[in-house]
Ligand code: COA
């Protein structure tokens with residue numbers, strides 16, 4: 016266990032509570048509604064035989080006086096007793112029970128615009144400026160002075176829960192043998208962290224940012240960073256790349272950590288890392304072409320053990336990477352907050368940096384500051400063995416990730432709005448069409464929908480592979496061309512309507528995934544064995560999200576990306592801009608069925624075809640009937 020006393024984030028409701036206690040509690044959807052919706056979502060995705068079998072299982076589950084009703088009652092009681100009935104179940108299921116390595120499988124990254132550092136000092140000035148921004152942001156958080164977010168887009172204007180922001184700089188994901196723990200600094204007992212960990216050449220240094228009750232200036236930070244780089248360059252003092260252990264599977268890292276903890280030097284080093292505000296990783300140049308995809312890969316996995324893969328500590332929620340070659344961004348441990356909160360924070364920091372007067376960081380500090388401290392490690396042969404195995408596993412992750420960044424330039428969300436359609440729904444349908452183009456079927460799809468309109472809300476799932484989407488993609492891919500454009504347009508409108516309706520259900524707390532998860536977890540607690548509805552093949556396949564998607568919009572030059580969630584799946588993160596749409600597509604090379612480039616190409620074809628369909632339809636609608644007839648006679652495409 017960590018040396019210092021900590022509290023789980025779930026239990027430490029002290030921070031952020033005043034912003035959230037006014038918000039409504041997450042509602043519990045009616046049982047019948049969820050089960051009907053579950054059947055509706057899956058009917059067209061499984062065989063007829065499977066569907067018939069699963070429908071009978073569902074009917075048995077919701078029988079009057081049956082196990083479904085009992086669990087629903089328990090859930091209503093849980094809703095009464097807790098701030099948010101799904102929060103802990105969801106956190107465990109989505110993150111803490113997951114044993115896979117964090118890089119690629121769980122941790123999203125935000126990639127900044129490429130920087131052009133003139134020299135090493137320029138890189139460190141930028142870093143000092145960034146750290147100064149973090150301190151400024153942390154002050155806002157500590158004073159609870161962060162303005163409340165309000166919902167945009169569908170059902171806009173409602174205030175959003177701010178609790179996730181308080182996990183940005185004061186939480187830590189502790190590995191466990193069968194389950195991890197999300198821990199938070201308990202401010203009433205422990206002082207706020209006043210140090211940052213700087214990683215350089217796989218070495219870790221404690222950078223105190225408050226000395227003698229004074230926050231370090233940017234000049235001070237610059238001076239300290241220079242000292243760190245000098246110390247990190249000293250080959251004689253170099254220690255093994257312990258950070259690699261955090262890139263391993265969670266059970267393996269937990270085991271290695273137990274071994275490390277036997278030594279007091281290691282305990283002290285771990286404690287300093289676990290209690291820090293964040294990490295700043297000063298990366299070595301990658302030697303690669305610095306296109307968007309390669310920059311993203313540096314953030315997602317660091318390029319492996321022989322590049323910057325060991326210059327990380329994946330358990331820490333916020334790691335800022337500042338590469339000598341200008342590759343910069345943030346890599347995040349996902350469990351304390353969602354992508355939208357991450358982007359909000361990151362944009363705040365970049366704005367702070369843009370607006371700060373540059374001359375402040377030209378000069379070194381004039382004050383005498385104690386040198387930053389290098390964290391020491393005692394590496395037994397057992398730890399050396401763990402390190403070798405972690406390095407090998409990370410290399411496999413690096414080699415296996417098939418990743419591409421694709422910018423669709425044909426149009427952006429303004430064009431879609433002009434069609435009187437929801438841009439998000441339109442993009443989701445294009446992803447369905449792209450998937451169908453590649454695989455001739457649709458699959459269970461995950462789209463994250465924010466439920467921050469509710470107290471302690473995180474996300475639920477919009478199941479985008481609707482029956483209406485299937486009808487549309489089939490019409491679009493109809494080889495015999497027996498379906499007219501106006502019929503296709505009808506199919507598109509119907510698919511968009513189904514998607515938009517599901518979105519509204521999800522953001523108002525009426526989607527099915529959180530509800531089903533809570534019923535399953537309650538069944539684990541209250542039933543001798545899991546009801547068949549949760550062991551049935553249709554339920555299991557409904558939770559294998561071959562297409563895992565998320566809208567993460569940005570207003571500055573940056574983008575978010577992440578990996579797939581199943582071995583034969585795609586991660587598709589998209590960023591709609593007024594006149595273009597950016598997609599980050601990921602998949603695994605060892606899966607023969609998937610290819611990120613092929614999928615990106617299919618996205619391009621789908622968006623182009625859908626755009627053309629809308630334009631043709633509009634033109635037709637605006638063309639008088641007489642003129643249209645003569646065009647038809649002259650062989651014009653209508
Ligand atoms: N006609 C014209 N305009 C429309 C329209 C229509 N029929 N439908 C929507 N629009 C407009 C909206 O008013 C909005 O306008 P704005 O840009 O001026 O605010 C814009 O189009 C975007 O709306 P839409 O595309 O429908 O999506 P949204 O912004 O409501 O987003 C979700 C939908 C599901 C992505 C959003 O609710 C959400 O949950 N986001 C969080 C996702 C998340 O958690 N990501 C990170 C995961 S780690």
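Numbering (the working numbering), first residue to last: 16 to 653. For glycine and all other residues, C-beta sits at the position ideal for the given N, C-alpha and C.
Check the C-beta distance from residue 565 over to residue 588 and give it rounded, since I have them as a contact under 8 Å. As a working mapping, residue 565 is identified with position 550 in the chain shown. As a working mapping, residue 588 is identified with position 573 in the chain shown. Contact flag correct, Cβ pair sits at about 5 Å.
DSSP-derived helix/strand/coil call for residue 293: Residue numbering aside, residue 293 sits at position 278 when the chain shown is read from its first letter. The answer is coil: DSSP assigns residue 293 none of H, G, I, E or B.
Let me know the secondary structure DSSP gives residue 358 once reduced to three states. Taking the first residue of the chain shown as position 1, residue 358 is located at position 343. In this structure, residue 358 counts as helix in the three-state DSSP scheme.
With residue 629 as the anchor, note down where its alpha helix (DSSP H) starts and where it stops. What you label residue 629 is simply residue 614 of the chain shown in a count that begins at 1. Residue 629 -> alpha helix (DSSP H) spans 611–637.
With hydrogens ignored, establish whether the beta-carbon of residue 518 is closer than 8 Å to any heavy atom of the ligand COA. For the purposes of this step, residue 518 is taken as residue 503 along the chain shown, with counting starting at 1. The answer is yes for residue 518.
CA nearest to the CA of residue 329, picked from 532, 190, 524: The residue you call residue 329 lines up with position 314 of the chain shown. For residue 329, the nearest C-alpha among the options comes from 190.
Going by DSSP, name the residue or residues bridged to residue 298. Within the chain shown, numbered from 1, the residue matching residue 298 stands at position 283. Per DSSP, 338.
For residue 304, which residues in the same chain have their Cβ closer than 8 Å to its Cβ, ignoring the five residues on either side in sequence? Taking the chain shown and counting its residues from 1, the one referred to as residue 304 is at position 289. Nothing listed; no residue qualifies.
Ranges of the beta strand (DSSP E) found wholly within the segment 142–214, counting only runs of at least 3: 186–189, 196–200
Buried or exposed: residue 203, going by 16 or more other Cβ atoms within 10 Å of its Cβ? On the chain shown, residue 203 is found 188 positions in, with the first residue counted as 1. Legend: pLDDT at residue 203 = 47, less than 50; position of this residue unreliable, value from coordinates given subsequently. Exposed, because fewer than 16 other Cβ atoms sit within 10 Å of the Cβ of residue 203.
For residue 227, I'd like the list of residues in its chain whose CB is within less than 7 Å of its CB, leaving aside the five on either flank, ordered along the chain. Counted from its first residue, the chain shown places residue 227 at position 212. Around residue 227: no qualifying Cβ.
C-alpha gap between residue 108 and residue 536, whole angstroms: For the purposes of this step, residue 108 is taken as residue 93 along the chain shown, with counting starting at 1. For the purposes of this step, residue 536 is taken as residue 521 along the chain shown, with counting starting at 1. Between residue 108 and residue 536, the C-alpha separation is close to 10 Å.
Pick out the complete beta strand (DSSP E) segments inside the segment 423–492, 3 residues or longer, and give them in chain order. As far as the segment 423–492 is concerned, its whole beta strand (DSSP E) runs of at least 3 residues are 460–465, 474–477.
Between which two residues does the beta strand (DSSP E) carrying residue 218 extend? Here residue 218 refers to the residue found at position 203 of the chain shown. Residues 218–223.
Take the Cβ of residue 637 as the centre, count every other Cβ of all protein chains shown within 10 Å, and call the residue buried at 16 or more, exposed below. Numbered from 1 along the chain shown, position 622 holds the residue referred to as residue 637. Burial check for residue 637: the Cβ neighbour count within 10 Å stays below 16, so the residue is exposed.
To test your reading of the DSSP string, which unbroken alpha helix (DSSP H) runs of 4 or more residues are found completely within the segment 57–96? 63–76, 82–96
Taking a contact to mean a Cβ-Cβ separation below 9 Å, would you say residue 412 touches residue 262 in this structure? Mapped onto the chain shown, residue 412 falls at position 397. Mapped onto the chain shown, residue 262 falls at position 247. Contact: yes.
Quick one: Cα of residue 510 to Cα of residue 301, how far? Counting from 1 along the chain shown, the entry for residue 510 is found at position 495. Counting from 1 along the chain shown, the entry for residue 301 is found at position 286. Distance between the alpha carbons of residue 510 and residue 301 is about 44 Å.
Give me, in chain order, the residues of the same chain whose beta-carbon lies closer than 7 Å to that of residue 667; leave out the 5 immediate sequence neighbours on both sides. Because residue 667 is not part of the residues shown, which for the chain are 16 to 653, the question remains open.
Residue 91 beta carbon less than 9 Å from that of residue 529: The count along the chain shown starts at 1 and reaches residue 529 at position 514. The count along the chain shown starts at 1 and reaches residue 91 at position 76. No; because the gap between Cβ atoms is not below 9 Å, this pair is not in contact.
Using CA atoms only, rank isn't needed, just tell me which of 576, 633, 70, 597 is closest to residue 416. Position 401 of the chain shown, counted from the first residue, corresponds to residue 416. Out of 576, 633, 70, 597, 576 has the C-alpha closest to the C-alpha of residue 416.
Taking the DSSP output, what are the residues bridged to residue 660? No statement about residue 660 is possible, as the shown extent of the chain runs from 16 to 653 and does not include it.
Cβ of residue 566 versus every heavy atom of the ligand COA: is any distance shorter than 8 Å? Your numbering for residue 566 matches position 551 in the chain shown. Checking every heavy atom of the ligand COA against the Cβ of residue 566, one is found closer than 8 Å.
I want to check one thing, is the minimum distance from the CB of residue 428 to the heavy atoms of the ligand COA below 8 Å? Within the chain shown, residue 428 is the residue found at index 413, counting from 1. The ligand COA approaches residue 428 closely enough that one of its heavy atoms is under 8 Å from the residue's Cβ.
Residue 229 - partner residues in DSSP beta bridges: As a working note, residue 229 is residue 214 in the chain shown. Its beta-bridge partners are 226.
Taking the DSSP output, what are the residues bridged to residue 419? Along the chain shown, read from residue 1 onward, the residue named residue 419 stands at position 404. According to DSSP, which records beta bridges pairwise, residue 419 is partnered with 600.
Could you say if the segment 462–472 and the segment 62–69 meet the contact criterion of at least three C-beta pairs nearer than 8 Å? no
What separation, rounded to the nearest whole angstrom, lies between the Cα atoms of residue 421 and residue 595? By 1-based counting over the chain shown, the position of residue 421 is 406. By 1-based counting over the chain shown, the position of residue 595 is 580. Their Cα atoms are separated by approximately 10 Å.
Buried versus exposed call for residue 526 [16 or more other C-beta atoms within 10 Å across all chains shown]: Translated into positions along the chain shown, residue 526 becomes position 511. Under this definition residue 526 is a buried residue.
Taking Cβ to Cβ, would you say residue 549 is nearer than 9 Å to residue 125? By 1-based counting over the chain shown, the position of residue 549 is 534. By 1-based counting over the chain shown, the position of residue 125 is 110. Taking 9 Å as the Cβ cut-off, residue 549 and residue 125 do not qualify as a contacting pair.
I'd like the list of long-range same chain contacts for residue 633, defined as Cβ closer than 6 Å, with 5 residues on each side in sequence excluded. Indexing the chain shown from 1 puts residue 633 at position 618. There are no such residues.
Below 8 Å, is the gap between the Cβ of residue 515 and the nearest heavy atom of the ligand COA? Stepping through the chain shown from its first residue, residue 515 is reached at position 500. Residue 515: yes, Cβ under 8 Å from the ligand COA.
On the premise that residue 275 lies in contact with residue 212, defined as a C-beta separation below 8 Å, what is that separation, rounded to the nearest angstrom? Numbered from 1 along the chain shown, position 197 holds the residue referred to as residue 212. Numbered from 1 along the chain shown, position 260 holds the residue referred to as residue 275. With a beta-carbon spacing of about 16 Å, residue 212 and residue 275 fall beyond the 8 Å limit used to define contacts.
From residue 77 to residue 531, what distance separates their C-alpha atoms? Within the chain shown, numbered from 1, the residue matching residue 77 stands at position 62. Within the chain shown, numbered from 1, the residue matching residue 531 stands at position 516. Answer to the nearest angstrom: the Cα atoms are 13 Å apart.
Note down the Cα distance separating residue 592 from residue 506, rounded to an integer number of angstroms. Position 577 of the chain shown holds residue 592. Position 491 of the chain shown holds residue 506. When rounded, the distance between both Cα atoms is 25 Å.
Any heavy atom of the ligand COA closer than 8 Å to the CB of residue 2? Summary: the structure shown does not reach residue 2, with the chain confined to residues 16 through 653, and so no result is reported for it.
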